[in-house]
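With this note's numbering applied, the sequence shown corresponds to residues 120 to 767, in that order.
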Amino acid sequence: EDLNYTLESSEENIELGGTVFSEDMGYLTNMGFNSMNSVLDALYPNETASNMLGRSVENYKELTYEHTVELYNMCYHFDNSIITLYGDLDYKKFLKFIDEEYLSKYENNNTDLSEYEDEKTPEKYTDTVVYSPAYSEDTAVDASVISYAVDLDGYEYEDILKLTYLAAMLNSGGSPLERKLKEAGINNAFNCNVNMEGSKPYICFELYNTNEDVKKQFENVVKETLKEVSQKGLGEEYENTLTSSEITENLSKEDYDFGINSALTLSVYWAATGKTDIYDLDTEVFNELKADKTMSEVKRLAGSLLDPENSALVATVPKPGLADEIDSEREEYLSQMKEKMSEEEINALVKETEEYNKWSNESISNDNVSISPQQLPEPEDLENVSVTKSGEVTNYYAEAGNGIGSYSLIFDGGTISKEDLYYLYIYNILLTNVKTNKYTSDEISKLMPVYLNNFNIGMSYYKTKEQEEPTPKISVSWFSRDEDYEKSLELALNIMGESDFSDVDEIIATLEYYLPYCNPAKTSDTMGFVSNAALSGISENAAFYMYLESNEVYELINDILNKLYNNEGYEKELANKLNEIMKQVVHKDDVMTAVVCAGESENKVIGINNKLLNGLPELNKEKAEYSFDKPEKKEAYIAEVSNQTSYN
């Protein structure tokens with residue numbers, strides 16, 4: 120399944136395939152994946168810590184069946200494993216079953232992998248450029264990733280967990296890092312994260328969709344930020360990030376996959392430390408940071424990153440043509456492999472391929488462990504959803520009692536012309552990134568983690584029971600504490616309906632930031648793109664998405680940026696257009712809300728909705744007409760990716 124060689128006939132060429140190999144091919148030109156590999160190689164050259172999952176695309180010559188079996192026999196034993204149970208279950212019964220049916224039947228293998236543990240990496244600073252595979256027709260302009268990483272090997276695990284909170288604070292809107300990047304004229308997307316999944320942890324600051332000539336400038340900004348934090352702390356970002364983390368932690372316990380994610384977190388921590396107290400430790404760390412009003416811990420840790428023993432500055436740069444060379448080298452390797460084979464060996468491989476294809480196409484089900492429908496429990500009753508209407512506002516409500524509410528507003532954009540839907544897309548991009556009549560963009564960034572946690576703006580296309588034809592819908596959703604709801608709704612409405620589109624610098628910075636993500640030729644979600652393309656033949660909503668994800672949007676943003684750079688006075692024309700769109704979004708006609716909060720908060724929340732939303736202006740404008748193109752039965756799209764994706 121990892122790697123296989125197939126030969127359909129003696130006249131054809133040997134092909135290299137396998138499920139894992141195909142997955143790795145998908146990452147061949149992936150800048151995020153390759154930049155991580157570049158950082159690991161720079162921090163931990165020739166160490167076990169530098170290894171990444173996958174990479175069979177470059178290591179296929181060394182991968183053999185015998186080597187795989189050897190590795191399996193060396194590592195895969197019960198004395199080298201952690202078994203995690205999660206859920207409302209009789210754990211003693213499960214443990215008894217696991218012990219009797221599995222563990223007791225195997226001897227202790229005395230597995231010892233200590234020879235693969237690295238010594239402490241020597242003190243060093245690495246400054247390097249690494250080329251990432253790209254195809255000959257791909258572009259390398261504004262496509263690099265700059266990474267500044269600091270090795271955390273030797274840090275106490277409590278400090279590493281504290282650094283994850285510091286990273287979240289630096290990622291938040293209005294943080295010193297964001298401010299200093301803007302002051303330096305850098306409007307690119309950035310991220311700070313602590314990686315704890317390998318044998319050695321590290322913190323990494325990354326700048327995306329950029330060029331290698333800003334490498335040193337980015338490093339300087341990071342170091343200036345850390346110096347400022349070590350001296351002054353983080354201001355509002357400190358409390359806001361901790362409150363946001365508290366809300367997120369509360370919500371994560373209700374996720375359907377919480378058990379799986381918990382097992383993964385626990386397993387990674389166990390593999391790195393041999394301990395299993397990660398959740399207790401994280402709670403202790405959080406409480407310590409929350410009580411630390413002087414921010415002494417984040418100051419201390421920011422200072423510790425200023426003079427690291429082992430750090431790396433890496434520019435991962437796409438190199439057009441390198442991916443073609445890798446493909447050609449693999450084809451030449453396979454061609455030489457066939458040339459060295461005898462006729463008997465070739466015929467044997469053809470026969471093995473035939474048998475493999477037959478086996479691969481067989482449908483095999485595990486009927487011996489499947490559960491019959493009669494054995495399944497009765498489905499649980501759906502939560503009661505109440506629907507109330509006051510004036511123009513329709514409220515949908517369901518109860519959840521953890522003190523954190525989930526809230527949504529849905530506005531009808533059915534008066535916006537089809538041609539102006541592209542400007543609706545741009546309006547959505549700009550929201551939260553420009554000032555309003557009440558807040559600066561920095562103030563909005565600081566308020567959102569607390570009052571608009573996980574704020575999301577989306578667009579869709581459907582009709583309600585009262586509508587004869589579908590219309591564009593603009594939805595906003597967020598989480599907040601029940602007691603903060605009125606302030607959260609006021610903030611959401613201020614952002615949606617009172618944004619100020621007159622600041623040219625804010626507009627340019629935001630559009631430059633989002634421009635690379637709007638290029639359909641560089642999509643990072645190929646399956647999502649082609650599935651929408653295929654579904655648009657039968658789904659009006661998918662056809663709507665394809666209209667908005669077209670190259671025309673990318674070209675429009677480019678055109679707007681060019682005019683803002685070169686055409687004096689164009690900023691007023693653009694602001695007028697966006698203000699017109701905003702009026703056609705934020706109104707009380709057909710507005711709907713979805714509320715999930717504690718029962719004792721229901722009446723208060725619904726009352727706030729009715730008061731504030733019925734206070735919005737009426738639109739009373741004629742609905743626009745829409746029609747979106749359907750795809751051909753067979754259609755292909757060209758993108759800068761290393762393998763193809765199909766959806767039928």
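We put the CB at the ideal spot given by N, CA and C, even for glycine.
Remember, predicted model here, so these are calculated numbers, not experimental data.
Per the coordinates, the alpha-carbon of Thr203 lies some 14 Å from the alpha-carbon of Lys215.
If one requires a minimum length of 4 residues, the alpha helix (DSSP H) runs lying completely within the stretch 625 to 689 are 645 to 654, 659 to 667 and 670 to 685, in chain order. Taking Thr629 as reference, the option from Val595, Asn677, Thr402 and Met665 with the minimal CA-CA separation is Asn677. Check the Cα spacing between Phe324 and each of Asn695, Leu550, Asn149 and Leu345: the tightest is with Leu345. Closest in C-alpha terms to Glu131, from the list Gln336, Ser454 and Asn123, comes Ser454. Under the three-state reduction of DSSP, Pro589 is assigned to coil, being neither helix nor strand. Pairwise C-beta distances place the stretch 313 to 320 in contact with the stretch 265 to 280, as three or more of them are shorter than 8 Å. At a Cβ-Cβ threshold of 8 Å, Gly524 and Asp601 count as neighbours. In this structure, the alpha-carbon of Tyr195 lies about 59 Å from that of Val623. For Lys224, no beta strand (DSSP E) encloses it, and the DSSP letter there is neither H nor E.
Going by DSSP, Glu416 is part of no beta strand (DSSP E) but of the alpha helix (DSSP H) stretching over Ser415 to Ser423. With contact defined as three or more Cβ pairs closer than 8 Å, the stretch 590 to 604 and the stretch 746 to 757 are not in contact. Taking one beta carbon from each stretch, the stretch 654 to 662 and the stretch 741 to 752 have 3 or more pairs nearer than 8 Å; the two touch. For Leu147, there is no enclosing beta strand (DSSP E), as DSSP marks it with neither H nor E. In the structure shown, Ala303 adopts coil according to DSSP, grouped into three states. A direct Cα-to-Cα measurement between Ile627 and Leu683 gives close to 8 Å.
About 29 Å separates the CB atoms of Thr138 and Glu166; that is not less than 8 Å, and the two are not in contact. For His706, the number of other beta carbons within 10 angstroms of its own is at least 16, and it is reported as buried. Pairing Thr148 with Asp443, the inter-Cα distance amounts to about 11 Å. For Asn199 and Tyr221, the gap between their C-alpha atoms comes out near 14 Å.
Counting only runs that start and end inside the stretch 252 to 289, there is no alpha helix (DSSP H) element of at least 4 residues.
A distance of 8 Å or more separates the beta carbons of Thr362 and Val512.
Nearest Cα to Leu425 within the set Thr258, Lys224, Leu383 and Val340: Val340.
Val704 sits away from Phe574, with the two beta carbons spaced by 8 Å or more.
Here the alpha carbon of Met567 sits roughly 43 Å from the alpha carbon of Ser255. For Leu280, the CB contacts under 7 Å within the same chain, skipping 5 residues up- and downstream, are Leu400, Asp401 and Val404 in chain order. Only residues of its own chain outside the window of five on either side were considered, and among them Ile265 and Leu326 have a CB closer than 6 Å to the CB of Phe337, listed in chain order. In this structure, DSSP gives Ile757 a state outside helix and strand, which the three-state scheme calls coil. The alpha carbon of Lys394 has as its nearest neighbour, out of Asn476, Tyr276 and Glu741, the alpha carbon of Tyr276.
By a beta-carbon distance limit of 8 Å, Asn192 does not contact Pro635. Their separation comes to about 46 Å. DSSP, reduced to helix, strand and coil, places Thr513 within a strand of the structure shown. The alpha-carbon separation between Lys508 and Glu416 amounts to approximately 50 Å. Tyr375 sits exposed, since fewer than 16 C-beta atoms from the chains shown fall within 10 Å of its C-beta. Asn767 sits exposed, since fewer than 16 C-beta atoms from the chains shown fall within 10 Å of its C-beta. In this structure the stretch 608 to 623 does not touch the stretch 633 to 647; the number of beta carbon pairs closer than 8 Å is below three.
Within the same chain, and ignoring the five residues on either side of Glu347 in sequence, the residues whose Cβ sits closer than 7 Å to its Cβ are Pro295.
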